[in-house]
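Only one structure is covered here, and it is reproduced in the block below.
Protein chains: 2
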Amino acid sequence: MLQLYHNMMDVPSRFARLCLAEAKAGAELTEMMPWARDEAFLLLNPAGTLPVLRENDGPPVCGAQVIAEYLDETRGYALGERRLMPDHPNERAETRRLMNWFLEKAVDDTAQYFIEEKIYKRLKGPSEGGGSPDSNILRAARSNLRMHLQYIGYLAERRNWLAGNRITYADLAAGAMLSVIDYMGEVPWEKEPVVKDWYQRIKSRPCFRPILADSLKGIPAANHYMDLDF
Amino acid sequence: MLQLYHNMMDVPSRFARLCLAEAKAGAELTEMMPWARDEAFLLLNPAGTLPVLRENDGPPVCGAQVIAEYLDETRGYALGERRLMPDHPNERAETRRLMNWFLEKAVDDTAQYFIEEKIYKRLKGPSEGGGSPDSNILRAARSNLRMHLQYIGYLAERRNWLAGNRITYADLAAGAMLSVIDYMGEVPWEKEPVVKDWYQRIKSRPCFRPILADSLKGIPAANHYMDLDF
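In structure tokens, the structure reads:
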């Protein structure tokens, strides 16, 4: 049995859920609050970061990209044409570069600011750093988001999917990242038709259904968040 | 032919050089200054980060961990017992977790502060942010280093090598990280005998020779830096 420690609005956690769904690997989900210090969890992952996967109470598989590699190594072959890691070493390198770009750089540049300011600050108590969003930070996050949307558009225009002709982990990583921002209604879709077209394709995949059903108590999703035709 | 864009004191770059040497893959080295904006280099790696590897002028392989995976996929089989990525998915996950820990978390927590304050600030011009080291930053870097040394000691005491019974990329990652700090004479070896014993073993490998011969003009290495018996 698979067990995933995650947070609903954490981008690497969402990516791991998408990877599990694409691999047809059901997992029991345990939700964690990223800012809460949990000694038992630190024994699993000393870095204290999400997500963490365990299989049959075995050793922890820590980190979104490490989980993606693990699922490819243990389930990839059985997926045949739907495998999300390409065969050729150069294409694998490009997939890994983009996974890293969307799950680390794009999260640091933009998604994490939105999440912290618009979601975590509302869920946290005053002693944990809760409060109102900082409009200067949100302005910077929006400006950085435009840059990242342009890069996704650049890739989507030149390739069928972001890392090449077939869908890969790179698309799930970018999709996870944008889906969190889209929950908050912060993606200017009308300005980026190429990105919108690519996102519509990825959003229509069955793996996205549970993500689109995500709902935070007291912080509802933007109106179009669930619509496949937005 | 392999070509590596690197910086001598950059931890992920050193790790890539160690991986290349262990794979018996000679590469032409091109040194880059991480703070210089180079438009041609940004076309290779839009993230602008080091290291980047190219084989036969093919597509760029960007990032230390992506390079390690690429070398394993293209040369690993031929290395037999000396292969640096284990076979079992759980051991691979642990190797990747630790690669990430030493190349990202430990670099951010400690190595990068030493490099920036004690090396880059001396190499940069005044308009690039050059100047004297900040003693508060160095104090924080030393305190974080002790925590990381304790963790390496904890792993080395329980396992033969850091990720398990055999040497893996995790050892090269930790070795690359400590070697840069050791160049500056900042590792308190006498306080960590278990770490010292582990480092002596990794430092004695032939792959380390070029790293130990590294020398920056005007910023000499600590006296014991090259000694295998320090």
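Chains as they are written, first to last, in the working numbering: chain Y, 1 to 230; chain H, 1 to 230. Glycine included, each C-beta is placed from N, C-alpha and C at the ideal position.
Near residue i, which residues of its chain fall below 6 Å by C-beta distance, leaving aside the five closest residues on each side in sequence?
{"i": "G130(H)", "result": "K121, K124"}
{"i": "L231(H)", "result": "This structure gives no information on residue 231(H), because the portion of chain H shown stretches from 1 to 230."}
{"i": "E28(Y)", "result": "Q3"}
{"i": "E94(H)", "result": "A163"}
{"i": "W161(H)", "result": "I167, D171"}
{"i": "F102(H)", "result": "A173, A174, M177"}
{"i": "R54(H)", "result": "Q3, P60"}
{"i": "L20(H)", "result": "A27"}
{"i": "T30(Y)", "result": "Y5"}
{"i": "C62(Y)", "result": "N45, V52"}
{"i": "L216(H)", "result": "none"}
For residue i, which residues of its own chain have a beta-carbon under 7 Å away from its beta-carbon, when the five flanking residues on both sides are left out?
{"i": "I115(H)", "result": "M9, V180"}
{"i": "A222(Y)", "result": "D182, Y183, M184, G185"}
{"i": "P34(Y)", "result": "N7, D10, L50"}
{"i": "M1(H)", "result": "E28, N56"}
{"i": "L98(Y)", "result": "L162, A163, A170, A173"}
{"i": "S13(Y)", "result": "H6, N7, L50, P51"}
{"i": "H224(H)", "result": "F230"}
Considering residue i, what are the terminal residues of the alpha helix (DSSP H) in which it resides?
{"i": "H224(H)", "result": "Neither: H224(H) is in no alpha helix (DSSP H) and is coded neither H nor E."}
{"i": "R54(H)", "result": "Premise fails: R54(H) lies in the beta strand (DSSP E), 52-55, not in any alpha helix (DSSP H)."}
{"i": "L42(H)", "result": "39-44"}
{"i": "H148(H)", "result": "135-158"}
{"i": "L178(Y)", "result": "169-183"}
{"i": "C19(H)", "result": "11-22"}
{"i": "D197(H)", "result": "193-203"}
{"i": "R92(H)", "result": "89-100"}
{"i": "V66(Y)", "result": "64-71"}
{"i": "L212(Y)", "result": "209-212"}
Measuring CB to CB, does residue i end up less than 7 Å from residue j?
{"i": "N187(H)", "j": "I152(H)", "result": "The sequence given here has Val at residue 187(H), not Asn. Contact flag unset, no."}
{"i": "N7(Y)", "j": "L50(Y)", "result": "yes"}
{"i": "V66(H)", "j": "R96(Y)", "result": "yes"}
{"i": "L145(H)", "j": "T168(H)", "result": "no"}
{"i": "A156(H)", "j": "W189(H)", "result": "no"}
{"i": "K118(H)", "j": "M184(H)", "result": "yes"}
{"i": "L84(H)", "j": "E128(H)", "result": "no"}
{"i": "T74(Y)", "j": "P133(H)", "result": "no"}
{"i": "E192(H)", "j": "L138(H)", "result": "no"}
{"i": "A47(H)", "j": "A16(H)", "result": "no"}
{"i": "A68(H)", "j": "Y113(H)", "result": "no"}
For the beta strand (DSSP E) that residue i lies in, which residues bound it at each end?
{"i": "A27(H)", "result": "27-31"}
{"i": "Y120(Y)", "result": "No beta strand (DSSP E) contains Y120(Y), which DSSP labels as neither H nor E."}
{"i": "L4(Y)", "result": "2-6"}
Identify, in the order they occur along the chain, each residue of the same chain with its Cβ nearer than 8 Å to the Cβ of residue i, setting aside the five sequence neighbours on each side.
{"i": "L228(H)", "result": "Q200, K203, S204"}
{"i": "M32(H)", "result": "Y5, H6, N7, D38, F41, L50"}
{"i": "R159(Y)", "result": "N165"}
{"i": "R92(H)", "result": "M85, P86"}
{"i": "A213(H)", "result": "M226"}
{"i": "L18(Y)", "result": "L172, G175, A176, C207, F208, I211"}
{"i": "G218(Y)", "result": "R122"}
{"i": "A25(H)", "result": "L2, L71, R75"}
Would you verify that the beta carbon of residue i is, or is not, closer than 7 Å to some beta carbon of chain A?
{"i": "N7(H)", "result": "The structure shown has no chain A; the protein chains it does contain are Y and H."}
Taking 6 Å as the cut-off, does the CB of residue i come closer than this to any heavy atom belonging to the ligand SAM?
{"i": "Y151(Y)", "result": "Looking for the ligand SAM in the displayed structure turns up nothing, as the structure carries no ligands at all."}
### Query
Would you call the stretch 197-213 of chain Y and the stretch 171-185 of chain Y in contact, with 3 or more CB pairs under 8 Å?
Touching, yes.
### Message
Under 7 Å, CB to CB, which of the residues in the stretch 93-106 of chain H have a partner in chain Y?
### Response
A93, E94, R96, R97, N100, W101, K105
### Message
Three Cβ pairs or more, each shorter than 8 Å: is that satisfied between the stretch 76-85 of chain Y and the stretch 99-106 of chain Y?
### Response
In short, these stretches do not touch, since the Cβ pair count stays below three.
### Message
Along the stretch 61-88 of chain Y, where does the CB come closer than 7 Å to a CB of chain H? Name the residues.
### Response
Going along the stretch 61-88 of chain Y in chain order, one finds V61, C62, G63, V66, E69, Y70, E73, T74 with a Cβ nearer than 7 Å to chain H.
### Task
Can you give me, in chain order, the residues of the stretch 27-45 of chain H that have a beta carbon less than 9 Å from any beta carbon in chain Y?
N45
### Near-chain H residues of the stretch 151-166 of chain Y - C-beta to any C-beta below 8 Å
Answer in chain order: Y151.
### Message
Residues of the stretch 168-202 of chain Y in Cβ contact with chain H at a cutoff of 9 Å, in chain order, please.
### Response
none
### Query
Using Cβ-Cβ distances below 7 Å, what residues of the stretch 113-145 of chain Y are close to chain H?
none
### Task
With 7 Å as the limit, tell me which residues of the stretch 49-61 of chain H have their beta carbon closer than that to any beta carbon of chain Y; keep them in chain order.
G58, P59, V61
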